[in-house]
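First the structure, in the form of structure tokens, and then the observations on it.
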């Protein structure tokens with residue numbers, strides 16, 4: 399890969415998510431040469447993906463061009479590609495655009511949707527870890543309502559209108575709330591010919607409560623808010639199969655053509671690591687300095703890293719805060735290294751958790767203060783606005799939220815690129831044979 | 399197609415562009431049953447597509463959900479589909495989702511890019527008539543700069559950096575200006591490793607001046623502004639061929655991998671019309687009431703219609719104003735019809751033309767007042783903001799423009815969905831054979 403040589407040691411950061419971004423931001427120019435690699439040319443603010451999926455925000459509102467962040471830093475490089483393999487012996491990474499040597503490698507590669515090996519779910523359900531996936535959900539939801547208008551078969555119509563979300567974590571809860579608000583305020587006005595009593599929004603959770611990472615009071619309130627919005631919360635329910643038309647659980651069959659899978663993530667680290675370095679969910683096992691076990695110059699942060707300790711035997715939660723804090727700590731340690739100072743171990747400061755369900759309805763757990771309802775909702779808004787990258791994004795999101803709140807509206811209900819189902823893609827592929835023969 | 403029966407006469411409007419939208423807006427509820435058909439579920443403000451293509455605005459800023467416009471009007475229906483054929487004998491349209499009968503049919507189908515039969519141009523160059531096409535241009539421009547970083551072959555690098563725009567009308571001029579501003583203010587900061595003296599922005603025009611629809615003074619000023627921004631304006635230049643790598647004109651070869659074709663449009667009316675009803679560029683020949691010649695209950699408005707008269711022997715210019723005005727006039731005439739009043743012929747009021755080239759640089763021709771420079775630029779901004787559909791869109795565009803102006807910035811430089819070239823698609827198609835066989 400085409401990166402200039404330098405007298406400085408080279409840090410290669412793989413991934414421009416929360417962790418990678420904080421690391422790069424906290425490394426001053428002139429100390430190291432820094433090369434960031436990402437498949438996308440932007441940082442994506444994942445906590446608001448669900449609003450892109452439900453026509454509340456535009457894709458560009460939650461994305462920020464990575465190159466802009468590096469503009470002012472000499473010796474900082476960005477390359478848009480994917481790391482396929484790591485060769486720790488020779489200290490290089492292999493990418494789709496060639497090899498790149500490193501002195502220090504940091505994997506901040508995040509996590510991907512985990513279907514736990516269920517092929518039918520993987521083929522037919524929608525995941526929501528990237529902007530493209532969120533846009534696909536937006537298109538599919540709207541396409542299904544356009545289709546529902548065209549059929550006289552009431553069963554088919556119902557299955558087109560139903561939306562099932564699997565996974566009762568913050569993502570699933572927020573999605574279910576947002577879809578339910580679409581059902582309540584937007585869709586009946588857009589589709590007056592459809593009877594919305596036939597539309598079900600179901601939230602399926604395998605455990606016995608939603609938001610299992612939060613306190614009981616938050617789970618209970620969240621479930622109450624969801625039910626008030628008309629969401630059918632089904633706990634202790636495992637999805638077995640989905641053929642694109644109906645969803646099979648252990649005890650029932652749900653007619654639905656939209657299944658959004660928010661029930662699990664796992665990591666997909668590059669090839670080249672010894673099995674001993676791979677922990678549960680394919681996270682890389684790291685010590686308290688985020689060093690990958692058994693690899694001297696390789697670090698992992700955020701979702702990609704599992705740092706086990708007494709309080710977090712399974713590693714830290716796979717959310718933004720541990721990634722942000724590990725990125726900052728690692729940057730400080732790498733600067734300490736240059737001064738010959740000793741490294742300081744990472745200590746996670748839990749700043750709290752929150753989830754919004756709908757208008758004036760949220761649950762929030764800050765250190766020492768649990769709140770629910772309108773206050774939690776205002777805290778949620780404030781925290782998310784401040785955390786967005788870029789002043790323009792913050793301003794536009796604030797205006798859009800204010801406008802949507804006053805007007806009970808979501809103007810981004812646009813099918814820019816129609817989503818094609820697995821079956822439709824199969825047909826297109828078959829047709830493509832002829833085109834390819836040309 | 400599934401549309402309820404009604405005692406009212408049914409007007410089917412094909413197309414939700416400027417003409418169709420004005421027609422629908424000016425028809426009150428309860429007079430006719432109105433069914434609008436469009437391939438998209440949104441109205442697109444085409445005059446600002448070039449800003450979506452050059453990372454200045456988001457797609458959603460210039461789109462507005464069509465269903466929202468109809469929410470308050472009982473008896474108004476929207477169906478997302480495409481009209482394939484018209485059967486005027488039986489008074490019905492054939493669509494991809496079934497047939498629909500009409501009492502009155504209005505074709506407001508706009509125009510599409512015209513490559514004048516040149517297959518190599520059609521395969522390899524980019525057109526910009528839809529939001530998806532504008533997004534493709536945005537992705538391609540950015541992808542090419544990412545690629546340029548990776549090659550040591552300086553000729554290849556130059557061809558990746560060069561951008562050639564064909565067509566010196568308002569679209570081509572505005573695009574050339576916007577790309578040149580990217581080159582001047584944005585790209586060198588994002589790609590400090592590239593030498594931007596190698597990047598050419600060329601505007602090719604077959605005629606002897608740009609903006610040939612405007613007065614000489616506007617053409618001259620526009621060309622001066624373009625040159626000041628670094629655009630190479632090549633008049634009297636016809637493009638012969640483009641293989642995706644280099645562009646062949648009558649007298650030279652230009653190494654460039656991006657060719658944006660803004661050199662012509664034509665219409666693609668549904669099948670079923672007699673040759674006598676088809677005018678130049680496949681526009682439908684209409685009388686002064688927009689009635690398609692030889693068809694009693696079929697009307698065409700906007701780009702799709704050619705209304706020849708003394709002042710406009712080739713029909714009205716294919717821009718927004720004639721479409722808007724014809725939509726309004728036809729609505730009034732259709733209401734007159736109900737009262738047994740006589741129809742009034744359409745009279746085009748030319749409100750003027752304008753084109754913006756860059757920061758504080760525009761040319762404007764209002765009735766009786768030609769201006770250039772900062773004043774024309776402010777007029778352009780005001781007119782375009784006011785013409786945008788939707789209060790939120792206006793507000794967000796205003797903020798984005800203000801922000802971009804102050805910061806010399808364009809934050810939407812995101813490759814959300816990478817664009818794949820003709821060759822890349824061919825390879826993917828070939829691979830798809832195996833997938834389809836699964």
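Chains as they are written, first to last, in the numbering used here: chain A, 399 to 836; chain B, 399 to 836. All residues carry an ideal CB built from backbone N, CA and C; glycine is no exception. Since this is a predicted model, take the numbers as computed values, not measurements.
Query raised in the report: Does the stretch 410–423 of chain A touch the stretch 501–512 of chain A, meaning 3 or more C-beta pairs lie closer than 8 Å?
Result: With the cut-off at 8 Å, the stretch 501–512 of chain A and the stretch 410–423 of chain A touch.
Query raised in the report: Are residue 479 of chain A and residue 494 of chain A closer than 7 Å when you measure CB to CB?
Result: A contact, by the Cβ cut-off of 7 Å.
**Report entry** Minimum C-alpha distance to residue 417 of chain A - residue among A/727, A/679, A/618 and A/603
**Finding:** When only C-alpha atoms are compared, the closest one is A/727.
**Report entry** chain A residues whose Cβ lies nearer than 8 Å to that of residue 439 of chain B
**Finding:** Under the 8 Å cutoff, chain A gives 540, 544, 811, 812 and 813.
Requested in this report: Could you name the residues of chain A that residue 788 of chain B contacts, counting a contact when the two beta carbons are closer than 7 Å?
Outcome: By Cβ distance, chain A contributes 809.
Requested in this report: Could you name each continuous beta strand (DSSP E) segment of 3 residues or more that falls completely within the stretch 528–590 of chain A, going from the start of the chain to the end?
Outcome: As far as the stretch 528–590 of chain A is concerned, its whole beta strand (DSSP E) runs of at least 3 residues are 561–564.
**Report entry** DSSP three-state assignment for residue 839 of chain B, whether helix, strand or coil
**Finding:** Outside the modelled stretch of chain B, which goes from 399 to 836, sits residue 839 of chain B, for which no answer is possible.
Query raised in the report: Taking only beta-carbon atoms, is residue 465 of chain A less than 7 Å away from chain B?
Result: At least one chain B Cβ lies under 7 Å of residue 465 of chain A.
Query raised in the report: Residues of chain A with CB under 8 Å from residue 821 of chain B, in chain order?
Result: What residue 821 of chain B touches in chain A: nothing, since even the nearest Cβ is about 12 Å away.
Query raised in the report: Along chain A, in chain order, which residues have C-beta atoms closer than 8 Å to that of residue 797 of chain B?
Result: Those are 790, 793, 794 and 797, listed as they occur along chain A.
Query raised in the report: Mind listing which residues of the stretch 450–464 of chain A have their C-beta closer than 8 Å to chain B's C-betas, in chain order?
Result: Identification of residues in the stretch 450–464 of chain A having a C-beta nearer than 8 Å to some C-beta of chain B yields 456, 457, 458, 459, 461, 462 and 463, given in sequence order.
**Report entry** Cα-Cα separation, residue 459 of chain B to residue 442 of chain B
**Finding:** Cα-Cα distance, rounded: 9 Å.
Report task. Could you tell me whether the Cβ of residue 495 of chain A comes closer than 7 Å to any Cβ of chain B? Result -> For residue 495 of chain A, the nearest CB of chain B lies under 7 Å from its own CB, placing it at the interface with that chain.
Query - For residue 821 of chain B, three-class secondary structure by DSSP - result: DSSP places residue 821 of chain B in helix when its eight states are reduced to three.
**Report entry** Uninterrupted alpha helix (DSSP H) stretches inside the stretch 460–541 of chain A (no shorter than 4 residues)
**Finding:** Counting whole runs of 4 or more residues, the stretch 460–541 of chain A contains the alpha helix (DSSP H) stretches 464–468 and 517–522.
Report task. Inspect the CB distances between the stretch 724–740 of chain A and the stretch 507–527 of chain A and report whether three or more fall short of 8 Å. Result -> The count of Cβ pairs closer than 8 Å, one atom from the stretch 724–740 of chain A and one from the stretch 507–527 of chain A, stays below three, leaving the stretches out of contact.
Query raised in the report: In terms of residues, what are the limits of the alpha helix (DSSP H) holding residue 596 of chain B?
Result: Looking at the DSSP string, residue 596 of chain B is not in any alpha helix (DSSP H), and its letter there is neither H nor E.
Requested in this report: Please report the Cβ distance between residue 532 of chain B and residue 663 of chain B, rounded to the nearest whole angstrom; I am assuming they are in contact, meaning their Cβ atoms lie under 8 Å.
Outcome: The beta carbons of residue 532 of chain B and residue 663 of chain B sit about 15 Å from each other, so the pair does not count as a contact at 8 Å.
Query raised in the report: Where residue 424 of chain B and residue 609 of chain B are concerned, what is the direct C-alpha to C-alpha distance, given to the nearest angstrom?
Result: One C-alpha to the other measures close to 33 Å.
**Report entry** For residue 408 of chain A, the first and last residue of its enclosing beta strand (DSSP E)
**Finding:** In the DSSP annotation of this structure, the continuous segment of the beta strand (DSSP E) that includes residue 408 of chain A starts and ends at 408–412.
Query raised in the report: Any C-beta of chain A sitting closer than 7 Å to the C-beta of residue 555 of chain B?
Result: By this cut-off, residue 555 of chain B is not an interface position.
**Report entry** Any alpha helix (DSSP H) of 4 or more consecutive residues that is wholly inside the stretch 638–708 of chain A
**Finding:** Segments of the alpha helix (DSSP H) lying fully in the stretch 638–708 of chain A: there are none.
Report task. Can you say whether residue 635 of chain A is buried or exposed, counting buried as having 16 or more other CB atoms within 10 angstroms of its CB? Result -> Around the beta carbon of residue 635 of chain A, 16 or more other beta carbons sit within 10 angstroms, so the residue counts as buried.
**Report entry** Interface residues of the stretch 588–617 of chain B facing chain A [CB-CB below 9 Å]
**Finding:** Listed in sequence order: 588, 589, 590 and 591.
Query raised in the report: Does the Cβ of residue 560 of chain A have 16 or more other Cβ atoms within 10 Å, making it buried, or fewer, making it exposed?
Result: Residue 560 of chain A should be labelled buried.
Requested in this report: List the DSSP bridge partners of residue 441 of chain B.
Outcome: Looking at the DSSP output, residue 441 of chain B bridges to B/462.
Query raised in the report: Taking just the CA atoms, how far does residue 590 of chain B sit from residue 403 of chain A?
Result: In a straight line, the C-alpha of residue 403 of chain A is about 15 Å away from that of residue 590 of chain B.
Query raised in the report: How big is the Cα-Cα spacing for residue 766 of chain B and residue 773 of chain B?
Result: Computed Cα separation, rounded: 15 Å.
Requested in this report: Give me the Cα-Cα distance between residue 779 of chain B and residue 801 of chain A, rounded to the nearest whole angstrom.
Outcome: Looking at the two C-alpha atoms, the distance is approximately 23 Å.
Query - the stretch 463–490 of chain A: positions lying closer than 9 Å to chain B by Cβ - result: Listed in sequence order: 463, 465, 466, 468, 469, 470, 472, 475, 476, 477, 478 and 479.
Requested in this report: Look at the alpha carbon of residue 686 of chain A and the alpha carbon of residue 786 of chain A, and state the distance between them as a whole number of angstroms.
Outcome: Rounded to whole angstroms, residue 686 of chain A to residue 786 of chain A spans 28 Å at the Cα level.
Report task. Could you tell me which chain A residues have their CB closer than 7 Å to the CB of residue 577 of chain B, listed as they occur along the chain? Result -> Under the 7 Å cutoff, chain A gives no residues; its nearest Cβ is about 17 Å from residue 577 of chain B.
Query raised in the report: Checking contacts by CB at 7 Å: is residue 846 of chain B closer than that to chain A?
Result: Here chain B comprises residues numbered 399 to 836, so residue 846 of chain B is not present and cannot be evaluated.
Requested in this report: State buried or exposed for residue 770 of chain A, treating a residue as buried only when at least 16 other CB atoms are found within 10 Å of its CB.
Outcome: With 16 or more other Cβ atoms within 10 Å, it is buried.
Query - Short CB-CB distance (under 7 Å) between residue 688 of chain B and chain A - result: It does not: the Cβ of residue 688 of chain B has no partner Cβ on chain A nearer than 7 Å.
Query - Host alpha helix (DSSP H) of residue 763 of chain A (start-end) - result: Note, residue 763 of chain A: premise wrong, no alpha helix (DSSP H); beta strand (DSSP E) at 759–764.
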